[in-house]
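Step one of this worksheet: look at the structure below.
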Amino acid sequence: MQPIRFADTDTLSLRQLDELNHAPKGTAFRVFRRCEVQLEEGKDFFYLAADQHKALIEALKASGQIYATTVNLVLLSQSGYQRMTELNRADQASQTPPATPPSVD
497 MQPIRFADTD
507 TLSLRQLDEL
517 NHAPKGTAFR
527 VFRRCEVQLE
537 EGKDFFYLAA
547 DQHKALIEAL
557 KASGQIYATT
567 VNLVLLSQSG
577 YQRMTELNRA
587 DQASQTPPAT
597 PPSVD
């Protein structure tokens, strides 16, 4: 998978993360939104507004590296992807119901 170079950093788009994880479209976006407040913009991820990065967004759409429906672009750095994965795993573990002890009859 070809990383997207931005701000001297190799990054991956949410589409690339969905493909990397063999996940349905939108999975990486939903995980990102849950973890966003715990990630550092400019280090873990880059937010590229459509009005400021139109040419890059269009080029990435044409190359298939981002979804054709992308308006504003989120790119994750390696550290951001690792952090997001850790946060998501911790979140999933905390939502797992406790095992029911065997009943004594």
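Quick note: the sequence shown, position 17, residue 513 per my numbering, numbers continuous.
We treat Cβ as the ideally placed atom computed from N, Cα and C, and that holds for glycine.
Note that this is a predicted model, so its numbers are computed, not measured.
* Going straight from the alpha carbon of Glu-515 to that of Ala-586, what length do you get? -> 22 Å
* Cut-off 6 Å between Cβ atoms - residues of its own chain near Thr-523, not counting five sequence neighbours on either side -> Asp-514
* Asked: Along the chain, where does the beta strand (DSSP E) that runs through Ile-500 open and close?
  -> 500 to 502
* To do: With a threshold of 16 other CB atoms inside 10 Å of the CB of Ser-509, please say whether the residue is buried or exposed.
  => buried
* To do: Assuming Phe-542 contacts Thr-507 (C-beta within less than 8 Å), just tell me the rounded distance between them.
  => 7 Å
* Can you list, in chain order, the stretches of the beta strand (DSSP E) that have 3 or more residues and sit fully within the region 529 to 564? -> 541 to 544
* Kindly indicate which three-state DSSP category Thr-507 falls into: helix, strand or coil? => strand
* Taking Gln-548 as the reference, give the member of Asn-568, Phe-525, Arg-579, Ala-519 with the closest Cα. => Asn-568
* To do: Take the Cβ of Arg-529 as the centre, count every other Cβ of all protein chains shown within 10 Å, and call the residue buried at 16 or more, exposed below.
  => exposed
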